[in-house]
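Visitor: Numbering of the sequence shown is given in my numbering, commencing with residue 1 and proceeding in unit increments.
Ideal placement from N, C-alpha and C gives every residue a C-beta, glycine not left out.
This structure is in structure tokens; I'll ask about it shortly.
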Amino acid sequence: MAGIYLHIPFCVQRCSYCDFYSSTSLELKDKFIKACGNEIKSRKDYLADSVADTIYFGGGTPSVLHPEDIDKLLNIIVKHIGVSKDTEISFEANPDDLNPAYLKELKSVGVNRLSIGIQSFRDSDLLKMKRRHNAKQAVKCLEDADKAGFNDLSIDLIYGLPDLSVDQWLFNLRQIEYFEVNHLSAYHLTIEKGTVFSRWLQEGKIKEAEDENSLKQFQLLQKYTREQGFDQYEISNFAKDEQYSKHNCKYWKAEKYIGLGPSAHSFNGEARHWNQSDLMNYLSDFKSDNKKSSSVIREEILSPFDKRNELIMTSLRTKWGITKGEWEERQHLQSWDDFVLEVRPFIAKGDMIQNDQCLRIEEKSWFRADGIIASLFRLEGL
Ligand SMILES: C[S@@+](CC[C@H](N)C(=O)[O-])C[C@H]1O[C@@H](n2cnc3c(N)ncnc32)[C@H](O)[C@@H]1O
Ligand code: SF4
1 MAGIYLHIPF CVQRCSYCDF YSSTSLELKD KFIKACGNEI KSRKDYLADS
51 VADTIYFGGG TPSVLHPEDI DKLLNIIVKH IGVSKDTEIS FEANPDDLNP
101 AYLKELKSVG VNRLSIGIQS FRDSDLLKMK RRHNAKQAVK CLEDADKAGF
151 NDLSIDLIYG LPDLSVDQWL FNLRQIEYFE VNHLSAYHLT IEKGTVFSRW
201 LQEGKIKEAE DENSLKQFQL LQKYTREQGF DQYEISNFAK DEQYSKHNCK
251 YWKAEKYIGL GPSAHSFNGE ARHWNQSDLM NYLSDFKSDN KKSSSVIREE
301 ILSPFDKRNE LIMTSLRTKW GITKGEWEER QHLQSWDDFV LEVRPFIAKG
351 DMIQNDQCLR IEEKSWFRAD GIIASLFRLE GL
């Protein structure tokens, strides 16, 4: 089964930590909907025979669009690409865009999974992050989403913020208990180049969280979510009752997906394709209903080393790890037995575990996962 990602390239204002591609020229929304419709038609064969069972509206800010626009795009997808009957349709929303009427319409056009960018329930964090919403709005939108009948409700939180204490992080986590949230994405802050946080860091206005504090916050996140019945199925993702994000699992399991919109990328099983990150060029690429249009500026055909490294990078971030079957199916450079031999020092240290025909990183060592994974990458010589 395949996935469909739509990048909605608009934000009302830029948050101080974020480097995802978006434009604040909201007056271009109508032109974008038209162009995106044309892109769907011109790339309808990208997934070949695979049927899609997930659609993900991400951004940018999908919730700056009217539900009618979402409906238009969904209809074009159904008509030209085709999707299975029980498709997961996820939608990223910013709290202050949501109200009971909007949520009701969103549900009526078929959105069945809502992911709300709460980030924090504390006003001082939200101000620092230059979010549009405040803590009161964060609470209100979750109440409204529940009343609107969104049973699949996910929230995003960020920890490891400058000056965020462990107690303040615990306060944020505790707010989850009051709502019917069955999925949580909790990311440690990354200070990205070109963002306001990166400028503040250079100017000495903020300091990065200390490693010890970050580790404590991660451990608290693991402990708290476990107590609340969440299952940590990926380093930053937690689900109750196996309500995993089906769409995001496709990235980790190397299933095919098509990415539509500026900056989106696609994977057809053998190669990745990147759309250019430029709204004006995108609008001009898909101005007309021309079957040959494309906004792809980069193609990367995966080498045997890329396939091996990607498998390690994505699988070892999940609770499922890598199975012998996947290893033999998805990469052909190294035998399973040699790989098991290679990771033996990590097993000996208790960072990794081998169960039956499966290797995975121990939950207690997930904080170090990036380092372990990077040390297993190879560019040559196997
Ligand atoms: C690209 S945003 C889109 C969602 C939506 N526009 C919003 O702001 O809620 C997806 C999520 O990525 C996370 N994120 C983005 N930049 C990040 C960063 N530099 N560090 C940690 N998390 C980040 C945030 O939690 C955010 O909700
Ligand atoms: S976090 Fe969301 S709203 Fe903020 S700049 Fe990034 S995409 Fe836009």
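Excluding the 5 residues preceding and the 5 following Pro304 in the sequence, name in chain order all residues of the same chain whose CB lies nearer than 8 Å to its CB.
Guide: Counting from one through the sequence shown, the residue named residue 304 turns up at place 304. Cβ neighbours of Pro304 beyond the five flanking positions: Gln331, His332, Leu333.
Visitor: From what residue to what residue does the beta strand (DSSP E) around Phe346 run?
Guide: Taking the sequence shown and counting its residues from 1, one reaches residue 346 at position 346. Phe346 -> not in any beta strand (DSSP E); alpha helix (DSSP H) instead, spanning 344–349.
Visitor: Anything with a beta carbon under 6 Å from a heavy atom of ligand 2 counts; list them all in chain order.
Guide: Having a Cβ closer than 6 Å to some heavy atom of ligand 2 are Cys11, Arg14, Cys15, Cys18, Phe20, Ser22, Gly59, Gly60, Thr61, Asn94, Gly117.
Visitor: Would you kindly check if the distance between the Cβ of His188 and the Cβ of Val230 is under 8 Å?
Guide: Here residue 230 refers to the residue found at position 230 of the sequence shown. Here residue 188 refers to the residue found at position 188 of the sequence shown. It is worth fixing the name first, because residue 230 is Phe in this sequence and not Val. No, these two residues do not count as a Cβ contact at 8 Å.
Visitor: Can you pull the DSSP bridge partners for Thr314?
Guide: As a working note, residue 314 is residue 314 in the sequence shown. BP columns for Thr314 are empty, so no partner.
Visitor: When you compare each of Ser25, Lys34, Ser42 to Thr385 by their alpha carbons, which one comes out closest?
Guide: The structure shown has nothing for residue 385, since the chain only spans 1 to 382.
Visitor: Please name the residue, chosen from Lys107, Lys104, Leu161, that lies closest to Leu126 on a Cα-to-Cα basis.
Guide: On the sequence shown, position 126 is the one that residue 126 refers to. Here the closest residue by C-alpha is Leu161.
Visitor: Give the straight-line distance between the Cα atoms of Thr323 and Asp97, rounded to the nearest whole angstrom.
Guide: As a working mapping, residue 323 is identified with position 323 in the sequence shown. As a working mapping, residue 97 is identified with position 97 in the sequence shown. Answer to the nearest angstrom: the Cα atoms are 42 Å apart.
Visitor: Using the rule of at least 16 other Cβ atoms within 10 Å of the residue's Cβ for burial, across every protein chain shown, is Ser124 buried or exposed?
Guide: As a position in the sequence shown, residue 124 is number 124, starting the count at 1. Label assigned to Ser124: exposed.
Visitor: Just the C-alpha distance for Asp241 and Leu153, rounded to the nearest angstrom, thanks.
Guide: On the sequence shown, position 241 is the one that residue 241 refers to. On the sequence shown, position 153 is the one that residue 153 refers to. Distance between the alpha carbons of Asp241 and Leu153 is about 12 Å.
Visitor: Under a three-way DSSP split, which group does Asn355 fall into?
Guide: Residue mapping note: residue 355 aligns to position 355 of the sequence shown, counting from 1. Note: Asn355 maps to strand in three-state DSSP.
Visitor: Classify Arg317 as buried or exposed, calling it buried when 16 or more other Cβ atoms lie within 10 Å of its own Cβ.
Guide: Numbered from its first residue, the sequence shown carries residue 317 at position 317. Answer is buried; the Cβ neighbour count reaches 16.
Visitor: So Ile312 and Leu376 are supposed to be a Cβ contact under 8 Å. How far apart are they, rounded?
Guide: For the purposes of this step, residue 312 is taken as the residue at position 312 of the sequence shown. For the purposes of this step, residue 376 is taken as the residue at position 376 of the sequence shown. At roughly 5 Å, the Cβ-Cβ gap stays under 8 Å, so Ile312 and Leu376 are in contact.
Visitor: Within the present structure, is the beta-carbon of Thr318 separated from the nearest heavy atom of ligand 1 by less than 7 Å?
Guide: As a first step, residue 318 is located in the sequence shown; it is residue number 318 there, counting from the start. For ligand 1, not one heavy atom lies less than 7 Å from the Cβ of Thr318.
Visitor: What are the start and end residues of each continuous alpha helix (DSSP H) run of 4 or more residues lying completely inside the region 237–315, in chain order?
Guide: The qualifying runs are 246–252, 279–285, 304–315.
Visitor: For Glu39, collect the residues of the same chain with a Cβ closer than 6 Å to its Cβ; drop the 5 residues on either side in sequence, then sort them by chain order.
Guide: Residue numbering aside, residue 39 sits at position 39 when the sequence shown is read from its first letter. Counting only Cβ-Cβ distances below 6 Å, and skipping sequence neighbours, we find Leu260, Phe286.
Visitor: Rounding to the nearest angstrom, what Cα-Cα distance links Ser185 and Asn94 in this structure?
Guide: Here residue 185 refers to the residue found at position 185 when the sequence shown is read from its first residue. Here residue 94 refers to the residue found at position 94 when the sequence shown is read from its first residue. Taking the straight line from one Cα to the other gives about 14 Å.
Visitor: Around the C-beta of Asn290, are 16 or more other C-beta atoms found within 10 angstroms, so that it is buried, or is it exposed?
Guide: Along the sequence shown, one-based indexing puts residue 290 at 290. Classification of Asn290: exposed, given that the 10 Å Cβ count is below 16.
Visitor: Quick check: is any heavy atom of ligand 1 less than 7 Å from the C-beta of Ile312?
Guide: Start at 1 with the first residue of the sequence shown, and residue 312 comes out as number 312. False, no ligand heavy atom lies under 7 Å from that Cβ.
Visitor: Starting from the C-beta of Asp19, find all residues in its chain whose C-beta is less than 8 Å away, skip the five residues before and the five after it, and write them out in chain order.
Guide: Locating residue 19 in the sequence shown gives position 19, where the first residue counts as 1. Closer than 8 Å at the Cβ level, and outside the excluded window around Asp19, lie Glu192, Lys193, Gly194, Thr195.
Visitor: Asp370 to Ser288, Cα distance in whole Å?
Guide: Taking the first residue of the sequence shown as position 1, residue 370 is located at position 370. Taking the first residue of the sequence shown as position 1, residue 288 is located at position 288. If you take the alpha carbons of Asp370 and Ser288, they lie about 44 Å apart.
Visitor: In three-state DSSP terms, what is Lys170?
Guide: The residue labelled residue 170 in the question sits at position 170 within the sequence shown. Contrary to the premise, residue 170 reads as Leu rather than Lys in this sequence. Reduced to three states, the DSSP call for Leu170 is helix.
Visitor: Let me know if Asp86 comes out buried or exposed under the rule of 16 or more other beta-carbons within 10 Å of its beta-carbon.
Guide: Here residue 86 refers to the residue found at position 86 of the sequence shown. Result: exposed.
Visitor: Report the start-end ranges of each beta strand (DSSP E) in the region 20–81 that is 3 residues or longer and not cut off at the edges.
Guide: List check, beta strand (DSSP E) in window: 52–59.
Visitor: Enumerate in chain order the residues of its own chain whose CB-to-CB distance from Ser50 is below 7 Å, with the five nearest sequence positions on each side excluded.
Guide: The residue you call residue 50 lines up with position 50 of the sequence shown. Met1, Ala2, Lys256.
Visitor: Where does Thr54 land, buried or exposed, given buried means 16+ other C-beta within 10 angstroms?
Guide: Position 54 of the sequence shown, counted from the start, is the residue given in the question as residue 54. Buried is the call here.
Visitor: When burial is assigned at 16 or more other CB atoms within 10 Å of the CB, is Pro100 buried or exposed?
Guide: Numbered from 1 along the sequence shown, position 100 holds the residue referred to as residue 100. Exposed: under 16 other Cβ atoms inside 10 Å.
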